[in-house]
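Chemist: Following the numbering used here, the residues of the sequence shown are numbered contiguously, the last one being 172. Using N, Cα and C, we set each Cβ at its ideal position, and we do this for glycine too. Predicted, not measured: the structure shown is a model, and the values here were computed from it. Just dropping this structure here.
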Amino acid sequence: MRQAWRRWRLAILTLGILAQAGLAQAGTPQAPFAFLKPAYITNAYFSDQVTEGENGAVRPHSAVKALRNRASGPLGYLILDLILVKPGEHTLRLDIINQQGEKVGESGYPLIKMSKQGELPLYTAATPLSGKFSAGLWFFKIWDQVAHGTWYRLGVFSIMVVDVDEQSKIKQ
Numbered sequence: 001m002r003q004a005w006r007r008w009r010l011a012i013l014t015l016g017i018l019a020q021a022g023l024a025q026a027g028t029p030q031a032p033f034a035f036l037k038p039a040y041i042t043n044a045y046f047s048d049q050v051t052e053g054e055n056g057a058v059r060p061h062s063a064v065k066a067l068r069n070r071a072s073g074p075l076g077y078l079i080l081d082l083i084l085v086k087p088g089e090h091t092l093r094l095d096i097i098n099q100q101g102e103k104v105g106e107s108g109y110p111l112i113k114m115s116k117q118g119e120l121p122l123y124t125a126a127t128p129l130s131g132k133f134s135a136g137l138w139f140f141k142i143w144d145q146v147a148h149g150t151w152y153r154l155g156v157f158s159i160m161v162v163d164v165d166e167q168s169k170i171k172q
């Protein structure tokens with residue numbers, strides 16, 4: 001009984017010290033230093049086809065492990081699920097990096113305006129990957145900028161691109 005009382009007093013004393021130092025709420029979203037970036041990617045995946053609903057919502061047909069080169073049209077789509085934590089207009093940019101680590105292209109996403117305060121700041125964005133990609137591993141860096149400010153790197157993703165004749169060897 002005496003040990004339980006000591007542990008209880010120690011817990012209360014620790015919480016009191018943390019509260020005075022302002023550290024008790026450090027992990028909550030209300031803390032001013034909790035978020036270092038204006039947005040965070042919660043999920044990213046590639047799809048070979050998407051459809052757009054009436055309200056502009058993007059619906060992928062399926063997620064794929066590899067994209068195949070096509071004679072025409074987009075190679076596929078990079079789809080991002082995002083949480084926006086900073087209010088304003090978010091501009092997303094996609095840098096395309098080849099197997100040698102060189103930036104060979106760039107693409108953009110449609111402008112995203114953060115909804116009103118009190119609504120969930122969850123968004124889905126998709127961009128087509130067009131052009132001729134050589135077979136191999138490709139990398140895609142995602143950047144975010146709010147109101148023409150600093151660019152923040154949100155993440156780097158990769159996918160294998162295969163030629164049409166190699167597509168049958170890969171199980172989707």
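Evaluate Phe35 with the Cβ neighbour count: other Cβ atoms within 10 Å of its Cβ, from every protein chain shown; 16 or more gives buried, anything less gives exposed.
Modeler: exposed
Chemist: CB Ile97 to CB Ala126, shorter than 7 Å?
Modeler: no
Chemist: Which residue marks the beginning of the beta strand (DSSP E) containing Gly108, and which one marks its end?
Modeler: 103-108 is the span of the beta strand (DSSP E), which, as asked, contains Gly108.
Chemist: So Ile159 and Trp143 are supposed to be a Cβ contact under 8 Å. How far apart are they, rounded?
Modeler: At roughly 18 Å, the Cβ-Cβ gap does not stay under 8 Å, so Ile159 and Trp143 are not in contact.
Chemist: So the candidates are Ser134, Lys132, Leu75, Leu120; which of them puts its Cα closest to the Cα of Pro87?
Modeler: Leu120
Chemist: Report the rounded CA-to-CA distance for Gly76 versus Leu122, giving the unit in angstroms.
Modeler: 23 Å
Chemist: With DSSP as the reference, please indicate the residues paired to Lys141 in a beta bridge.
Modeler: Asp95, Val156
Chemist: Using 8 Å for Cβ pairs, my map puts Asn69 next to Phe133. What's the rounded Cβ distance?
Modeler: Asn69 to Phe133, Cβ: 6 Å. Contact.
Chemist: Compute the Euclidean distance between the alpha carbons of Ser115 and Gly73, then round it to the nearest angstrom.
Modeler: 32 Å
Chemist: State the Cα-Cα distance for the pair Ile83 and Val164, rounded to the nearest angstrom.
Modeler: Answer to the nearest angstrom: the Cα atoms are 36 Å apart.
Chemist: So, with DSSP's three-state summary, where would you put Val58?
Modeler: Residue state, collapsed to three classes: strand.
Chemist: Please report the distance separating the alpha-carbon of Pro105 from that of Val58.
Modeler: Note on identity: in this sequence residue 105 is Gly, with Pro being the wrong assignment. Roughly 24 Å separates the two Cα atoms.
Chemist: Determine the direct distance from the alpha carbon of Thr51 to that of Ala63, and round the result to whole angstroms.
Modeler: 13 Å
Chemist: Is it true that the CB of Tyr152 sits closer than 7 Å to the CB of Lys37?
Modeler: yes
Chemist: Quick check on His90: buried or exposed, where buried means 16 or more other Cβ atoms within 10 Å of its Cβ?
Modeler: By the neighbour-count definition (other C-beta atoms within 10 Å, threshold 16), His90 is a buried residue.
Chemist: Could you name the residues that DSSP lists as bridge partners for Gly136?
Modeler: Val161
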